[in-house]
DNA sequence: TACTACATACCGACCGACCGGTATGTATGT
DNA sequence: ACATACATACCGGTCGGTCGGTATGTAGTA
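Residue numbers (full-length UniProt numbering), protein chains in the order written: chain S, 1 to 217; chain R, 1 to 217.
Rendered as structure tokens:
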């Protein structure tokens with residue numbers, strides 16, 4: 001009987017290791033293409049451990065989305081872009097921060113919940129809702145700074161802070177898709193650059209069009 | 001032997017019907033979650049017909065991406081946004097056209113190749129490349145108008161036409177993700193509105209920030 | 001301290017359903 | 001007659017999920 005007396009290393013954290021494996025493997029292969037065995041192997045646990053912690057594969061999907069929401073919330077909450085006193089500077093620092101963390105391998109910088117949303121939006125409402133909560137919850141953390149910047153500068157905008165916050169997430173998600181299409185993270189950063197230029201323009205910073213011959217036209 | 005003498009309706013177009021089924025079903029369920037049997041049932045053909053026309057499921061994925069590229073090329077080539085004499089008007093008319101065709105059910109307006117890219121970018125290079133060719137091939141059709149608009153207006157830009165064309169696709173793809181997250185196509189249109197505002201700003205059209213008290217500041 | 005009772009965490013063999021793909025046969029047009 | 005375009009049956013393998021069992025830790029009791 002091949003019962004290994006040597007128990008698994010770090011007993012008790014199988015759940016976390018599965019969630020971390022899900023975070024990385026699903027970003028590489030997608031949710032449907034990732035098997036439970038894939039996750040167990042990547043996490044170094046057995047199938048029994050998997051179904052001890054998660055009732056179904058879908059339940060793991062929900063848990064992975066929630067884990068993503070928690071960990072990214074902590075990451076952004078502790079990021080330095082909150083430092084500036086000027087709210088607009090905070091918004092621009094946020095965008096710069098987002099741009100800065102794009103790089104390396106695709107599975108390292110792309111968004112788990114964006115990936116899962118795309119796949120399961122029509123077939124697994126529970127996962128989709130958990131993903132949506134993560135995306136829009138994060139967007140909501142931008143809203144206050146955007147609105148404060150708008151009010152402070154007296155911008156009489158046709159757009160709302162809520163809408164612009166959502167748009168930033170759309171641009172990021174779209175940039176990730178282009179990056180995946182070519183395997184080049186530059187394409188994601190490129191779209192963030194356009195987004196930064198857009199936001200600066202909305203707030204009247206120096207992005208007015210310049211003619212090559214004259215600045216008046 | 002339950003061999004139905006009644007042959008399938010419209011013999012000879014099984015391939016096209018499979019491609020159309022793939023276009024719609026994959027947009028709903030994703031590529032990996034769509035089985036060959038799903039496609040056959042949706043197309044009203046048998047598994048034999050499927051493997052007669054496509055060597056593997058992946059080969060269908062490539063063919064579906066190419067079919068998507070062909071049909072959308074035809075759609076955009078025949079669209080009315082090419083009419084204006086002014087190249088910038090054509091660009092803005094394109095964006096308006098894109099906005100106008102967003103609506104209804106998710107699987108009716110979202111992008112097949114964007115969806116597939118997200119899923120298979122790391123595991124099926126052939127499909128990914130076919131998707132990338134569709135996305136960037138379409139972006140390239142915008143490049144001429146954008147560059148013409150830039151040259152005509154003498155804009156001394158920090159961005160390239162190629163980059164802006166790619167960004168339009170990123171915004172659309174990202175908008176689709178947000179729309180899928182909530183089931184509401186308004187979110188996709190909302191991001192296109194931001195994109196339109198951005199492009200207008202790049203070309204000096206009336207989107208300068210307005211303070212609520214005065215237009216000078 | 002020693003023993004019991006019990007919950008939690010985990011193991012891995014196993015199951016039935018389903019998957020992509022194949023083998024083989026047949027209807028139809030030329 | 002022959003090639004093309006299908007249909008049907010089926011295979012080997014993989015999938016998500018189940019289940020009986022076993023370590024391990026903890027609380028209670030005496």
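Ideal placement from N, C-alpha and C gives every residue a C-beta, glycine not left out.
| Query | Result |
| --- | --- |
| Roughly how many angstroms separate the alpha carbons of residue 88 of chain R and residue 199 of chain R, rounded to a whole number? | 9 Å |
| Have a look at R/169, R/177, R/129 and flag the residue whose alpha-carbon is nearest the alpha-carbon of residue 115 of chain S. | R/177 |
| Let me see if you follow: with CB-CB separation under 7 Å, is residue 29 of chain R close to chain S or not? | yes |
| Check the Cβ-Cβ distances between residue 152 of chain S and every residue of chain R, and say whether any is below 7 Å. | no |
| Closer than 8 Å is the cut-off here; do at least three beta carbon pairs connect the stretch 150 to 160 of chain S with the stretch 92 to 105 of chain R? | no |
| Quick one, which of R/49, R/138, R/60, R/145 has its alpha-carbon nearest residue 25 of chain R's? | R/60 |
| So, does the CB of residue 57 of chain S fall closer than 7 Å to a CB anywhere in chain R? | no |
| Anything in the stretch 112 to 123 of chain R with a Cβ closer than 9 Å to a Cβ of chain S? List those residues in chain order, please. | 113, 114, 115, 117, 118, 119, 120, 121, 122, 123 |
| Run through the UniProt domain "HTH tetR-type" (12 to 72) of chain R for me and flag every whole alpha helix (DSSP H) of 4 or more residues, listed as ranges in chain order. | 14 to 29, 36 to 43, 47 to 53 |
| What first and last residue would you give for the alpha helix (DSSP H) that runs through residue 87 of chain S? | 87 to 100 |
| Rounded to whole angstroms, how far is the Cβ of residue 79 of chain S from the Cβ of residue 135 of chain R, which I believe are closer than 8 Å? | Actually they do not touch by this definition, with Cβ atoms about 31 Å apart. |
| Using 8 Å as the threshold, is the stretch 38 to 55 of chain R in touch with the stretch 135 to 146 of chain R, meaning 3 or more CB pairs across them? | no |
| Since residue 29 of chain R contacts residue 122 of chain S with CB under 8 Å, what's their CB separation in whole angstroms? | 6 Å |
| State buried or exposed for residue 48 of chain S, treating a residue as buried only when at least 16 other CB atoms are found within 10 Å of its CB. | exposed |
| Going by Cα to Cα distance, which pick from S/133, S/129, S/205, S/98 is closest to residue 175 of chain S? | S/98 |
| How would you list, in chain order, the residues of chain R whose beta-carbon sits under 8 Å from the beta-carbon of residue 91 of chain S? | Within chain R, no residue comes near residue 91 of chain S; the closest Cβ sits about 14 Å away, beyond 8 Å. |
| Is residue 18 of chain R close to chain S? Criterion is C-beta to C-beta, closer than 7 Å. | no |
| Quick one: does residue 141 of chain R have its CB under 7 Å from some CB of chain S? | no |
| Nearer than 6 Å: is that true of the beta carbon of residue 93 of chain S relative to any heavy atom of the ligand NAP? | Judged by which ligands are present, the structure shown has none, so any question about the ligand NAP falls away. |
| Kindly indicate the opening and closing residues of the alpha helix (DSSP H) around residue 105 of chain R. | Taken as a continuous stretch (DSSP letters only), residue 105 of chain R belongs to no alpha helix (DSSP H), as it is neither H nor E. |
| Given that a residue counts as buried once 16 or more other Cβ atoms are within 10 Å of its Cβ, and exposed if not, what is residue 96 of chain S? | exposed |
| Closer than 9 Å by beta-carbon distance: list the chain R residues that pair up with residue 138 of chain S, in chain order. | Correct list: empty, because the minimum Cβ distance to chain R is about 12 Å. |
| For residue 15 of chain R, which residues from the same chain have a beta carbon less than 6 Å from its beta carbon, with the 5 sequence-adjacent residues on both sides left out? | 53 |
| Report the neighbours of residue 166 of chain R on chain S: residues whose CB is nearer than 7 Å to its CB, in chain order. | 178, 187, 190 |
| Distance cutoff 7 Å, beta carbons only. Does residue 173 of chain R sit that close to anything in chain S? | yes |
| Among the residues of its own chain, which have a CB less than 8 Å from the CB of residue 91 of chain R, if the five just before and after it don't count? | 142, 145, 146, 149, 199 |
| Ignore the nearest five residues each way along the sequence and tell me which others in residue 18 of chain R's own chain have a CB closer than 8 Å to its CB. | 39, 40, 43, 45, 49, 50, 53, 54, 60 |
| What would DSSP say about residue 230 of chain R, mapped onto helix, strand or coil? | The structure shown does not extend to residue 230 of chain R, since chain R spans only 1 to 217, so no value can be given for it. |
| Cα separation between residue 128 of chain R and residue 76 of chain R? | 22 Å |
| Please report the distance separating the alpha-carbon of residue 34 of chain R from that of residue 204 of chain R. | 47 Å |
| Could you tell me the boundaries of the alpha helix (DSSP H) in which residue 167 of chain S lies? | 161 to 182 |
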